[in-house]
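Residue numbers (the working numbering), protein chains in the order written: chain F, 196 to 597; chain A, 131 to 524; chain Z, 18 to 390. The beta-carbon is built from N, C-alpha and C at its ideal position, and this holds for glycine as well.
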Amino acid sequence: MNTTSDSVTPPAPPRMLEWIQKNLFNGWLNSALTLIALVFLYFVVVSSARWAFFTADWRPVTTAPLLFLVGQYPREQLWRPGLSMLLSTFMIGISWGIWPRYLKAFSIFLVVLLAGMAIVPLETPTITLGIRAAFLAASLLIYAGYLLGRSKFVNARLAVMLWTVIAVLISLVLLPGIPKSSALPSVPTTAWGGLLITLLLAIGGILLSFPIGVLLALGRRSSLPVVKVFSILFIEVIRGVPLVTILFMFSVILALFLPAESRIDRILRALMGMVVFSAAYTAENVRGGLQAIPPGQVEAAKALGLNGFQTTTLIVLPQALRLVIPAIVGQFISLFKDTTLVVIVGINDLLGVGNSVLKLSPEFFRLQMEVYLFIAAIFWVFSYFMSYASLQLEKSLGVGER
Amino acid sequence: MTVAKPPQSERIPPWRDERFLRMGTQIVSSVLMLFLIYWAISNFIAITQQRGMPLTYRFLKEPAGFPISESYIPYDPTMSFGRAFRVGLTNTLVVSITGIFFATWLGFFVGLARLSSNWLVSRIALAFIEFHRNIPLLVLLFIWYFGVFVKLPPVKESITLPGPLYLSQRGLYLTWPRLTETGPLFIAFLTAGIAISVIAFKVLRERRIKTGQNTYYLPVSLALLIIIPVIGWIAAKGKPFWVDVPVLQGFNYQGGLRLSPEFAALTVGLTTYTAAFIAEVFRAGILAVQKGQVEAARALGLPPAQVLSLVVIPQALRVVIPPLISQYLNLTKNSSLALTIGYQELFAIGKVTINQAGRAVPVFLMVMATYLAISLITSGILNIYNRRVQFIER
Amino acid sequence: MKKSILVLSGLVIASLLLASCAPQPAGEVAPQKIVETVVVTVEVPGETVTVKPQGYGTIAARVRERGKVVCGVHKELLGFGYLDANGRNIGFDIDLCRAVAAAVLGDAEAIEAVPITAADRGPVLQTGEVDLVTRNMTWTSKRDAEWGNFTWIMFYDGQGFLVRADSGIKTLQDMNGASICVTTGTTTEKNLATAFADANLAYNAVTFEETSAVYGAYEQGRCDVATSDKSQLAAVRAGFSDPNAHEILDITISKEPLTPAVPAGDDQWFDIVKTVMWGMIAAEEYGITSANVAEMKASSDANIRMLLGTEGDWGYTTLGLEADALANVIEQIGNYGEVYDRYFGENGLAFYLPRGMNNLWKNGGLIYAPPIK
């Protein structure tokens with residue numbers, strides 16, 4: 196370092212050096228901090244890289260990729276989750292074309308990931324050529340969808356409708372099947388598992404808890420005492436207890452309060468628990484937004500002759516929801532992460548599959564770190580892109596329009 | 131809709147009359163709700179009668195019969211289900227309070243680091259926050275327990291740290307002072323000494339501020355703080371404590387203070403996870419303090435440490451406390467995940483009780499009510515504190 | 018943006034309604050309310066008329082409607098209930114469930130295996146969520162009174178201890194002060210407490226809800242000892258990378274009769290399951306195997322012809338089954354011995370476990386069934 200600066204004196208120090216000096220070495224305290232941080236970082240990075248590439252044994256992940264993806268879904272019916280994946284990725288592509296700002300990063304990541312999954316060499320025979328082809332097709336479909344989404348053929352409203360139709364089709368027809376049919380034999384939800392369950396619970400939970408949460412928030416601010424008291428009780432009780440107790444209530448206790456012999460699907464019960472829990476939190480977030488709407492808005496709407504319903508849906512809610520989007524997305528992220536708790540009521544989600552995989556072979560028994568870190572990485576990626584999209588949304592809504 | 135009601139005798143039809151509509155909605159919703167409750171309860175009664183599961187709490191007095199791995203109040207399997215439940219409650223409270231304590235400090239420092247002008251420090255803090263905020267707590271707990279604490283060296287090859295302090299997969303064994311027979315006497319004197327010196331400090335300082343006379347409040351209170359415990363020490367014959375050193379005996383260390391790996395993993399997991407959220411809370415709170423305040427403090431010549439502790443933090447606290455309360459409550463509720471890593475708190479004990487006593491609904495109601503009570507009491511107390519902070523600061 | 022949020026929430030509500038109206042994936046029958054389950058016997062001079070209670074026959078009807086027998090099972094216990102590499106449920110307990118499916122529906126594959134934890138076994142029986150629990154469950158009087166009906170003991174077991182071979186533990190007394198891994202919510206947990214209290218020994222319980230967590234913790238050295246039913250310990254030991262480094266002590270502290278159980282309130286279903294279990298035991302007694310079941314139908318032994326449904330009625334008309342129900346079981350699943358050997362025989366899928374108490378009564382074991390006639 197010294198020799199170079201002695202021999203060649205640069206006319207002006209490059210901007211990077213300036214930046215380094217300003218941000219890392221201004222004053223002795225900061226310099227010391229920087230040095231400590233560098234040493235810390237060096238040890239963390241080097242030791243974790245060494246662990247990940249040399250010590251760690253990733254076989255639990257590489258031998259059973261299908262278990263992680265779909266759990267016990269019958270292997271001869273694999274085309275159904277496969278088709279669901281293709282449809283969803285196509286829709287993600289279309290959405291990327293329509294809302295590039297929020298989905299671009301995620302979509303590009305997905306394209307690369309799926310293409311990577313199509314070509315990555317694995318010793319396991321479970322990943323057949325067909326499955327690899329499906330991954331590749333999914334990757335291409337995202338891009339095809341993007342081109343379509345950018346064109347004039349598809350607008351936001353159509354995309355939302357398509358999403359709804361496809362979501363309903365996948366979750367109510369394609370995956371569960373139709374009882375006593377030969378083309379789509381029914382597959383009990385006990386066989387579903389892995390990422391499939393995690394995503395279904397998360398998406399179902401988000402879509403269902405949002406409207407219920409909004410209704411509860413409105414109920415809490417209602418002037419009707421019965422509705423108000425019910426909403427307050429519901430919200431406060433649910434928020435006062437842990438999610439596991441609610442899941443447990445729905446998975447075990449609920450059956451005692453329904454007519455004998457009636458049987459609600461296990462996954463559906465877990466979903467109900469997630470929805471109820473998340474709705475109470477969403478309600479509180481939405482209430483924050485409702486409170487921030489100046490009374491003048493409501494008075495103006497009434498002066499214009501709008502009735503109560505119109506005032507709420509056309510004036511109050513759109514403004515209130517816009518205010519609380521970051522909080523609501525935050526709630527959705529925590530709902531997504533909370534889906535892991537269903538493992539406690541015996542549902543084979545991503546984490547449940549992880550636990551089973553550890554028992555696949557005696558050689559895997561001690562590989563908890565690898566398996567759980569792999570699962571953590573999957574959650575991390577999804578959550579990260581959700582919060583990224585939320586940040587973009589916040590920016591585009593917060594600055595420009597008001 | 132009180133706008134310009136026409137004074138004509140023409141009456142508004144009932145389906146457009148808001149009073150009527152409101153009344154109608156009220157009645158319909160209450161009837162619906164009552165019916166739903168009635169329906170659920172009648173189903174419940176039918177099922178419980180059919181299967182012989184009476185809704186009573188008499189079983190709480192029966193012997194529990196199952197062991198509990200760690201407990202802060204005396205417990206053995208011959209004691210009652212009610213006792214086991216109380217053990218679960220104390221275990222929940224202990225882990226929550228420990229977790230809250232550490233999470234607050236860790237969160238505070240990470241929050242400060244995040245705002246550091248040092249780019250690298252700020253980035254490391256950001257990485258810490260982003261890592262924890264985007265992964266599920268349950269996975270984090272598994273990583274800490276199965277990935278770290280259980281993989282520590284076996285008990286015979288414990289890591290020995292000065293103290294002595296032994297760390298192995300059986301837990302952390304600390305050398306710990308324990309009270310002798312005369313110990314409580316000393317503790318009584320010690321608490322009395324602290325209380326009296328604090329009171330003296332406040333009273334004397336008050337008088338000093340009011341009258342301007344020198345009341346020597348600092349030396350007086352310090353003297354009290356030292357003299358009273360010393361009297362207690364002498365009264366306790368100079369031996370209020372004995373030192374409990376862990377010794378390897380048979381399978382495990384005996385003696386000392388033991389922190390089980392389950393407790394440690396749970397505490398560490400809850401702490402780091404919640405600290406990531408608390409860091410963001412503190413960051414937001416500090417950013418909410420107006421820039422002018424900091425500049426004014428600097429202009430007055432306060433060193434950076436004092437700017438932080440005298441100007442920024444007191445004002446940030448006002449913003450910080452409400453979200454902090456909800457993080458504390460989250461941590462307490464999240465402690466219920468402990469059952470997956472073998473720490474038996476309220477929910478875990480509740481589930482075992484359901485199984486061993488065969489009484490799902492009564493036990494479940496107790497567990498829910500207890501969590502609800504913890505939440506309400508905690509938020510109640512902290513809200514009172516919050517109000518005081520807000521009041522004093524303004 | 019406002020508009021699309023509105024449209025979105027509207028659609029969501031619509032799909033909510035749709036979802037609530039849509040048929041349940043697992044076909045259900047209309048909820049039937051059971052008020053009383055007492056068998057009312059009306060004494061008429063000269064003859065006795067048995068009025069069947071209201072719950073009678075509901076489970077079998079539900080099973081046929083659905084086309085599947087729903088069993089509460091283990092999914093991570095080698096030998097008893099676990100997954101093969103293709104994610105198919107296999108194991109001794111699973112085969113018992115399959116046997117019931119073969120008898121009632123004629124298809125051993127027509128099962129739905131619901132993985133449940135130890136703590137779930139009572140509640141799923143009490144709520145009738147599953148038709149049958151075959152999950153390594155001990156029959157006790159209290160469970161029988163509170164949970165449901167226990168059918169027939171299919172595996173005699175006892176609680177033992179698994180230790181590391183180099184630990185030097187041989188007796189109960191050696192375990193004083195040891196850390197012991199145990200599953201919560203089981204009889205095991207209570208037996209452990211009783212045994213140690215009786216012997217006046219101290220121990221440090223490390224408890225988990227998931228069986229896999231218990232052995233995971235033991236294997237890594239978190240505990241000195243793991244305790245459970247001996248068969249389960251054998252299963253776990255066999256699964257370790259070096260089984261010889263661990264040993265199962267020659268101490269048995271309890272009786273653990275492992276028994277499939279059904280929800281209370283349907284005597285027909287209770288009888289069906291019992292008969293299927295008896296059929297498998299009787300088939301071994303008579304030497305009927307899945308390989309020779311076809312030729313045995315023409316056996317010279319009337320007992321065999323009766324069991325296989327070629328002549329006489331072993332009760333199937335009353336139970337609402339086909340005459341060849343038990344023949345189907347033997348053909349598709351095999352007799353008791355075949356099932357046992359499939360998992361625990363010398364070339365078994367899971368591990369070798371000598372039959373011992375689980376031998377037929379004729380061979381000095383405890384496995385015994387009432388006559389099928």
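Check	Outcome
Neighbour list for S159 of chain A in chain F, Cβ cutoff strictly below 7 angstroms	V421, V422
Counted within 10 angstroms of its Cβ, other Cβ atoms place R337 of chain A as buried (16 or more) or exposed	exposed
Distance between R245 of chain F and I459 of chain F (C-alpha atoms, nearest Å)	48 angstroms
Neighbour flag for T611 of chain F against chain Z, beta carbons, 9 angstroms	Not covered by the structure: residue 611 of chain F. The range shown for chain F is 196 to 597.
Under the three-state DSSP convention, the category S578 of chain F falls into	helix
Three-state secondary structure (DSSP) of R308 of chain A	strand
Proximal residues of chain Z, C-beta to C-beta of A450 of chain F below 9 angstroms	P140, V141, Q143, T144, G145, E146
Cutoff 9 angstroms: K347 of chain F Cβ touching any chain Z Cβ	no
Within-9 angstroms CB hit, T508 of chain F to chain A	no
Boundaries (first-last residue) of the beta strand (DSSP E) holding T224 of chain Z	220 to 225
Helix, strand or coil at Y235 of chain Z according to DSSP, with G and I counted as helix	helix
Alpha carbon of L546 of chain F to alpha carbon of I227 of chain A, nearest angstrom	28 angstroms
Residue-level contact to chain A via CB, R79 of chain Z, 9 angstroms cutoff	no
Beta-carbon proximity of A216 of chain Z to Q190 of chain Z, cut-off 9 angstroms	yes
Interface flag, V310 of chain Z vs chain A, CB-CB below 9 angstroms	no
Any chain A beta carbon closer than 9 angstroms to M444 of chain F	yes
Simplified DSSP state of W291 of chain F, which is helix, strand or coil	helix
Alpha-carbon to alpha-carbon, S439 of chain A and L409 of chain A	What sits at residue 409 of chain A in the sequence shown is Ala, not Leu. Between A409 of chain A and S439 of chain A, the C-alpha separation is close to 17 angstroms.
Chain F contact for V131 of chain Z (CB, 9 angstroms cutoff)	yes
Contacts around L410 of chain F, its chain only, beta-carbon distance under 6 angstroms, and the 5 residues preceding and following it disregarded	none
Cβ contact (3+ pairs, closer than 8 angstroms) linking the segment 158 to 174 of chain Z and the segment 224 to 239 of chain Z	no
As assigned by DSSP and simplified to three states, the class of R518 of chain A	helix
Alpha-carbon to alpha-carbon, L413 of chain F and V493 of chain F	14 angstroms
Proximity test, Cβ basis, 9 angstroms: G293 of chain A and chain Z	no
N- and C-terminal bounds of the alpha helix (DSSP H) containing I407 of chain F	389 to 415
Buried or exposed (CB count within 10 angstroms, at least 16 for buried), S446 of chain F	buried
V46 of chain Z - DSSP class collapsed to helix/strand/coil	With a pLDDT of only 38 at V46 of chain Z, under the threshold of 50, the placement of this residue in the model should not be trusted, and no figure is reported.
Helix, strand or coil at E589 of chain F [DSSP, three-state]	helix
Contact with chain F by M209 of chain A, beta-carbon distance below 9 angstroms	no
Cβ separation of V279 of chain Z and L149 of chain Z, assumed to be a contact under 8 angstroms, to the nearest whole Å	6 angstroms
C-beta atoms of L304 of chain A and L295 of chain A nearer than 9 angstroms	yes
Helix, strand or coil at S210 of chain A according to DSSP, with G and I counted as helix	strand
Assigned exposure category for G195 of chain A - 16 Cβ within 10 Å defines buried	buried
is_contact[E148 of chain A, chain F] using C-beta, thresh 9 angstroms	yes
Alpha carbon of P492 of chain A to alpha carbon of T134 of chain Z, nearest angstrom	20 angstroms
S298 of chain A: first and last residue of the uninterrupted beta strand (DSSP E) it sits in	295 to 298
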